[in-house]
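Numbering-wise, UniProt numbering puts 252 at position 252 of the sequence shown, and it's gapless, one number per residue.
Glycine residues also receive a C-beta, built at the ideal position from the N, C-alpha and C atoms.
Remarks on the structure that follows.
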Amino acid sequence: MAQVVVVGGGFGGLASAARLAKLGHDVTLVERSARLGGAMTSVSQDGFTWDAGPTSTLLPAVIRDLFRKSGRPVEKEVELVALDLVREHRFEDRSVLRLPGGTRGAQLEAFEELGKGLGQVWVDYVESFNEDWEVLRRGYFEVPRDPASMPADAARQLAKRLDSRETLHKRLRRSFRDERLALVAGHPFVAEGHDLRNVPAWAGLRAYLEQRFDAWTVPGGMAGLTDALESRLSTRHVTVLKDTPVLDLVLREGRVVAVATAMGEIPADVVVVAVDPRRLPALASYVERTMPAIPPVITHLGLEGDLPEMPHEVVLHGDPLLILRTGGQAPEGGVAWTLQGRGRLAEDMLRALARHKIDVRDNVVTRVDLSPRDLVNAWGGSPMGVLWQGRSTVRHRLGPTTPIPRVYAAGAHATPGAGLPFVGLSASLVAQAVGPA
1 MAQVVVVGGG FGGLASAARL AKLGHDVTLV ERSARLGGAM TSVSQDGFTW
51 DAGPTSTLLP AVIRDLFRKS GRPVEKEVEL VALDLVREHR FEDRSVLRLP
101 GGTRGAQLEA FEELGKGLGQ VWVDYVESFN EDWEVLRRGY FEVPRDPASM
151 PADAARQLAK RLDSRETLHK RLRRSFRDER LALVAGHPFV AEGHDLRNVP
201 AWAGLRAYLE QRFDAWTVPG GMAGLTDALE SRLSTRHVTV LKDTPVLDLV
251 LREGRVVAVA TAMGEIPADV VVVAVDPRRL PALASYVERT MPAIPPVITH
301 LGLEGDLPEM PHEVVLHGDP LLILRTGGQA PEGGVAWTLQ GRGRLAEDML
351 RALARHKIDV RDNVVTRVDL SPRDLVNAWG GSPMGVLWQG RSTVRHRLGP
401 TTPIPRVYAA GAHATPGAGL PFVGLSASLV AQAVGPA
């Protein structure tokens, strides 16, 4: 049994702690704030409640595996519901795409309604990621990357993807004549602050995951998943220290022996860093070639009155790019929306929203405005993870191991990257690397 200290109580830290405790280790989780969950929490004001960060997730199997490998199955703890309509895209020419998930046929039909022949173009593009997914799943996403232990052909196929110079920008230009399809495929990365000219082409497999596995949410808000994991840590006898900022790792002869906090040192045989590693001096030099992706501008809105019916998520293309999410909790007669903005925001976001013929300025009961700096300060880093700067980003990002023996990395800033499913996979990679007690 090892004394394991997990630094950070976001989804990556919670998942790592739960898995390692089930493997028989003595686990302590240390969180700088008074709440666990990081971006997977909620914001409340005047009776309205909004998801602080993501409102849905891809790859529900990652969450199911996490709960199964740490105790009772997820179905016993929290409800996961597939979204019938993943999102609605509204383009500058006023055309609209209502995008379902989970089936090829439904997406083909939706794009065909956007324009004759576009359905086949889209499903062919999505299908092009099938082999990418299988290669990356087997050698990168689901197991710690180790080309030396892989069959030679599998190692070559993995290197072909990870070392490729092809960018998502180039693939989209080659795949689509209709700019709207490129906007749909590229928008998740633009929304997270990336330049498509620096994103590797294989990362576009998100469209494949969405079509094949759908997008899923938790009724009442994604914070319900945090609550279930906090309960799981209690079941697994994980010691949780909140309001405890971590200052650095304590090293002796190049090996970790403790975690230094504002309250004193915590002895450790193993440390899992589930925060931005640049915040810890012992690791900062190893990630100096990386940069964090900056969060968007966010406005949470509490609304009342005569309001248009809106789907779970609406993407309003243009500059700025606006994303409207409508699934918050509100008092009777009200609704709770969240508006995210990315790009040239030279005016109030509600005015920008009104330019898209959604004018709710007279319906506002309460609002919470959060700048990127506000979000980074609240969360202790960016949940957007590491900024894509080309293919080298894969090599420069830490995880699951680090150059310091028995120090591991999980979370949005670690391999395989940001987003709930990939953060969940990072915790699985760490658990495999550490091994059972």
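Unbroken beta strand (DSSP E) stretches of 3 residues or longer found wholly inside the segment 30–56: 42–45, 48–51, given in chain order. About 46 Å separates the beta carbon of glutamine 3 from that of valine 126, a gap too long to meet the 8 Å contact definition. For serine 428 and glutamate 142, the gap between their C-alpha atoms comes out near 7 Å. Under the DSSP definition of a beta bridge, tyrosine 408 partners with Val272, Thr401.
Between tryptophan 122 and tyrosine 208, the beta carbon gap of about 11 Å keeps them out of contact (Cβ cut-off 8 Å). Secondary structure remark: continuous alpha helix (DSSP H) runs of at least 4 residues inside the segment 244–332, in chain order: 281–284. The residue from Ile63, Phe111, Ala268 with its alpha-carbon nearest to that of aspartate 124 is Phe111. Between threonine 41 and threonine 217, the gap from beta carbon to beta carbon reaches 9 Å or more. Phenylalanine 91 and arginine 171 have their C-alpha atoms spaced approximately 21 Å apart. Restricting attention to Leu425, Arg367, Met349, the CA atom closest to the CA of aspartate 46 is found in Arg367. Your pair proline 383 and alanine 39 checks out as a contact, with CB atoms roughly 4 Å apart and the cut at 8 Å.
Shown here, aspartate 195 sits in coil according to DSSP, grouped into three states, outside any helix or strand. Here the alpha carbon of tryptophan 337 sits roughly 46 Å from the alpha carbon of methionine 1. The Cβ-Cβ distance between glycine 327 and threonine 55 falls below 9 Å. Residue environment for glutamate 192: buried (at least 16 other C-beta atoms within 10 angstroms of its C-beta). Counting the other CB atoms within 10 Å of its CB gives arginine 94 a total below 16, which places it among the exposed residues. Separation of glycine 115 and alanine 201 (C-alpha to C-alpha, rounded to the nearest whole angstrom) is 25 Å. For arginine 104, the CB contacts under 7 Å within the same chain, skipping 5 residues up- and downstream, are Val123, Gln211 in chain order. Annotation for valine 364: Leu301, Gly302, Leu303, Leu350 place their beta carbon closer than 8 Å to its own, counting only its chain and skipping 5 residues before and after.
As computed with DSSP, aspartate 153 is found in no beta bridge at all. Between the C-alpha atoms of valine 423 and glutamate 77 there is a straight-line separation of about 20 Å. Between threonine 167 and arginine 197 a beta carbon distance of about 6 Å is seen, short of the 8 Å cut, so the two are scored as contacting. Valine 62 and glutamate 113 have their C-alpha atoms some 33 Å from each other. When DSSP states are grouped into helix, strand and coil, alanine 82 belongs to the strand group. Residue state for glycine 119 is assigned as helix, using DSSP reduced to three classes. For arginine 98, there is no enclosing alpha helix (DSSP H); the residue is found in the beta strand (DSSP E) stretching over 96–100. Boundaries of the alpha helix (DSSP H) around glycine 12: 11–22. Rounded to whole angstroms, the separation of the alpha carbons of glycine 254 and methionine 263 is 23 Å. Under a 10 Å Cβ-count criterion, glutamine 120 is classified as exposed, with fewer than 16 other Cβ atoms of the shown protein chains found around its own Cβ. CA-CA distance, glycine 24 to leucine 229, rounds to 17 Å. With fewer than 16 other Cβ atoms inside 10 Å of its own Cβ, glutamate 288 counts as exposed. With a beta-carbon spacing of about 5 Å, valine 238 and valine 27 fall inside the 8 Å limit used to define contacts. Taking C-beta atoms as the reference points, valine 430 and glycine 399 count as a pair closer than 9 Å.
Comparing C-alpha distances from histidine 194 to each of Arg397, Pro144, Gly53, Gly385 shows the shortest one belongs to Gly385. Look at leucine 136 here: in three-state DSSP terms it is helix. Out of Val257, Ala159, Arg174, the CA that lies nearest to the CA of serine 128 is found in Arg174.
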